[in-house]
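One structure is given below, encoded as C-alpha cells.
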Amino acid sequence: MPLPFVDFTVYPDECDAYGHLNQASFLSLFERARWDIVARGPGPKPFTTEGVWPAVRQTTIEYHAQALPGEQLRFRQRVSDMGRTSFTVQQTAHNAASEVLVATAQVVFVCVDRSGKPVAVPDSFRRQVAEAPNLRHVSLNGVSLGVESRGEGPALLFLHGYPLGGYLWRHQVDHLDGWRRINPDLRGMGQSSAGVGPGRLEQYGDDMIALLDQSGVERAVVCGLSLGGYIALDLLRRYRPRIAGLVLASTRAEGETSQGRKWREDAIQLGRRAGARGIAETMVPRLFAPDAPGRIPAIVAEVRERIANTGVAGIVQALESMRDRSDSQPLLATLREIPTMVVAGASDQYIPEPNMRTLASAIPGAVYQVIEAAGHLAPLEQSESMTAAIAGFLAGIAR
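Just add 43 to wherever you are in the sequence shown, counting from 1, and you've got this note's numbering.
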C-alpha cells in the first residue's frame with residue numbers, strides 16, 4: 044500500500060515575527076513527517092536488520108503558500124527514484140482543510156553501513172515501496188495528479204470510482220499487454236491533490252484531456268467505473284473525437300435523483316463531521332458482494348483503510364460533482380460508432396444488475412457482461428474475470 048499521510052498542527056512558537064510558519068520549522072516538520080510516515084508504513088526494520096542506514100545527502104524545499112498558527116498541514120510522500128545505493132523521497136505539504144499546496148520537498152538518501160561506506164538499498168525496502176514503480180506526478184489545472192503508465196500501443200485510460208484510487212484497476216494494468224495503460228488517481232483521491240473550489244464533474248474530464256495531451260495521446264479507449272463512468276460519459280459529450288472506445292462499469296447515465304441528491308448532501312455532512320473514516324465505515328459494507336468479508340478479507344480491509352486515508356476536501360468535491368452531474372441518457376442512442384461494453388457486478392448493492400442491463404440496452408451495439416460473485420468493485424473483487432472481459436472486448440476494436 045502507499046505510505047499514508049500525516050497531519051500536523053502549526054503552533055505559534057514555530058512561526059516568525061509576522062505570524063508565518065518559518066523555514067527552519069518547516070524543515071523540522073518535513074523530517075518529522077518522514078519519520079511518522081515510515082513508522083506507519085514499512086518501518087525502519089528493512090534497514091536495521093541489515094545494519095544499513097539511509098543518510099540524507101541533499102534536501103531541496105520550495106515554498107508555495109503561507110501557513111498560519113492553528114492550521115493543519117497534511118504531509119504526503121513517495122519514493123520517486125530508486126538507484127543502487129540511493130533513493131529519492133518527494134514530499135508535499137497541503138493545507139488539510141483547503142488542499143492548497145503549501146510546500147514541496149525532495150530528499151536524496153544514500154544507504155551507508157556502520158563505517159559510512161555506501162551500500163545497496165535493502166531489497167526488502169525496494170519491495171515495500173515498489174507497488175506502483177511506474178507512478179509519476181504531473182501538474183495540470185492547478186493540481187498534482189499521481190499517474191501510473193505502463194506498456195506501449197494504443198492508449199487505454201482507466202477512471203476509478205469514488206472515493207478510491209487507481210489501485211482499483213491494478214490487475215487490469217498489470218495484464219492488458221499490447222496497450223498503453225494510463226491509470227491516474229483522480230483529483231483529491233489516491234496520490235493526487237484536490238485543488239480548490241467546489242467539485243464539478245467537468246473538471247475531472249478536463250484533467251483527463253490535459254493528461255492525454257501531456258502524454259501525447261490523441262485518442263484512448265476509456266474504462267470508467269461508477270464516478271469514472273460519469274466522467275467517461277462527460278468526455279463523450281464534450282471531447283467525443285478523443286474517445287476510441289468505452290467500458291462502462293457499475294455506473295449510471297441519468298442525472299441525480301432528488302433522493303440521490305439528499306444522499307450526497309448527507310454524505311458531505313458526514314465527511315465534514317466524521318472525516319474519511321466515517322465515510323469508509325458507511326460505504327465499505329455495501330461496496331462488495333455480501334460474502335466478500337469472509338472470501339477476500341484482505342481486499343475489504345485494504346479498501347476500508349485506503350478510503351479512510353482520503354482527504355476530506357477530495358471526498359466533498361467528488362460528492363458535489365456527482366450530486367450536480369448532467370443527465371447523459373440522451374447521449375446513449377448516439378453511440379453506435381463508439382465500441383462500447385457495459386459491465387455489471389452480479390451482486391452490486393449500489394447499482395443493481397438490472398439497472399446495468401437497461402443501460403446496455405440503450406446503447407446501440409453495446410456488449411453486455413455480468414461478472415459473477417462481484418459487487419460494485421468487480422475489478423478488485425473478481426480481478427481475473429474483469430480483466431478477461433476487457434481483454435475480449437479490446438480484441439474486437441480496430442487498432
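Quick reminder that beta carbons are idealized off the backbone N, C-alpha and C, glycines included.
Measure the Cβ-Cβ separation of residue i and residue j and say whether it is below 7 Å.
i, j, result
"Gly233", "Gly204", "no"
"Ala110", "Leu64", "yes"
"Val186", "Ser123", "no"
"Phe48", "Pro97", "no"
"Gly208", "Asn226", "no"
"Gln362", "Ile311", "The residue you asked about is not Gln; residue 362 is Leu in the sequence shown. The answer is yes: Cβ separation under 7 Å."
"Gly388", "Ala421", "yes"
"Gly288", "Ile440", "yes"
"Gly231", "Ala356", "yes"
"Ile350", "Leu378", "no"
"Ser364", "Leu244", "yes"
"Val132", "His107", "no"
"Ser390", "Gly354", "no"
"Gly248", "Ile274", "yes"
"Gln115", "Asp56", "no"
"Leu178", "Glu195", "no"
"Arg193", "Arg169", "no"
"Thr103", "Gln149", "yes"
"Ala416", "Ala332", "yes"
"Met384", "Val264", "no"
"Gly321", "Leu313", "yes"
"Gly267", "Leu219", "no"
"Arg307", "Arg366", "yes"
"Val386", "Ala292", "yes"
"His214", "Ser426", "yes"
"Gln360", "Gly435", "no"
Between the options, which lies nearest to residue i when the distance is taken from Cα to Cα?
i, options, result
"Ala296", "Leu313, Ala287, Leu270, Gly321", "Leu270"
"Gly408", "Pro382, Glu245, Ala139", "Pro382"
"Asn184", "Gly196, Gly209, Gln257, Arg119", "Gln257"
"Thr135", "Thr128, Arg283, Val143, Thr147", "Thr147"
"Arg329", "Arg338, Leu291, Arg320, Val343", "Val343"
"Glu348", "Thr325, Pro333, Ser364", "Thr325"
"Val81", "Gln101, Leu70, Phe118", "Phe118"
"Ala60", "Arg179, Leu72, Leu313, Pro112", "Pro112"
"Ala323", "Tyr282, Val346, Asn398", "Val346"
"Phe73", "Gln120, Val162, Leu279", "Gln120"
"Gly94", "Arg157, Pro284, Gln412", "Arg157"
"Val155", "Arg127, Ser167, His137", "Arg127"
"Ser182", "Gly62, Pro87, Ile252", "Ile252"
"Thr300", "Ser404, Arg368, Asp79, Phe436", "Arg368"
"His137", "Phe436, Val239, Ala438, Ser426", "Val239"
"Glu261", "Asp277, Pro284, Gln246", "Pro284"
"Thr92", "Gly62, Asp217, Tyr54, Ser167", "Ser167"
"Asp217", "Arg75, Met429, Ala438", "Met429"
"Met125", "Gln101, Gly159, Ala163, Glu105", "Ala163"
"Ala130", "Gly337, Ser141, Gln101", "Here residue 130 is Phe; the residue named in the question, Ala, does not match the sequence. Phe130 has its Cα closest to that of Gln101, out of Gly337, Ser141, Gln101."
Could you pull the DSSP bridge partners for residue i from this structure?
i, result
"Ile414", "Gly388"
"Gly435", "DSSP output for Gly435 lists no bridge partner at all."
"Val155", "Trp96, Pro161"
"Gly189", "His180"
"Phe51", "Leu116"
"Glu105", "Thr147"
"Asn226", "Glu191"
"Leu199", "Arg224, Val264"
"Arg121", "Gln133"
"Thr383", "Leu289"
"Asn138", "Leu116"
On the premise that residue j lies in contact with residue i, defined as a C-beta separation below 8 Å, what is that separation, rounded to the nearest angstrom?
i, j, result
"Pro206", "Ile358", "5 Å"
"Ala335", "Glu424", "6 Å"
"Leu255", "Trp222", "The Cβ separation is near 14 Å, so there is no contact."
"Pro197", "Phe90", "Wrong, their Cβ atoms sit about 42 Å apart, outside the cutoff."
"Asp370", "Gly298", "4 Å"
"Glu280", "Leu374", "A quick correction: the sequence has Arg, not Glu, at residue 280. About 6 Å separates the two Cβ atoms, so the contact holds."
"Arg400", "Tyr411", "6 Å"
"Ala376", "Asn352", "About 41 Å separates the two Cβ atoms, so there is no contact after all."
Taking only heavy atoms of the ligand NAD into account, decide whether any of them is closer than 6 Å to the Cβ of residue i.
i, result
"Val81", "This structure lacks the ligand NAD; in fact it carries no ligand of any kind."
Open item on the list: Runs of 4 residues minimum, wholly inside the stretch 55–89: which ones carry the alpha helix (DSSP H) assignment?
Closed with: 66–83
Task: Secondary structure, beta strand (DSSP E): runs of 3+ residues fully inside the stretch 229–275 - done: 263–268
Task: Residue ranges of each alpha helix (DSSP H) within the stretch 283–365, 4 or longer - done: 301–330, 335–338, 340–351
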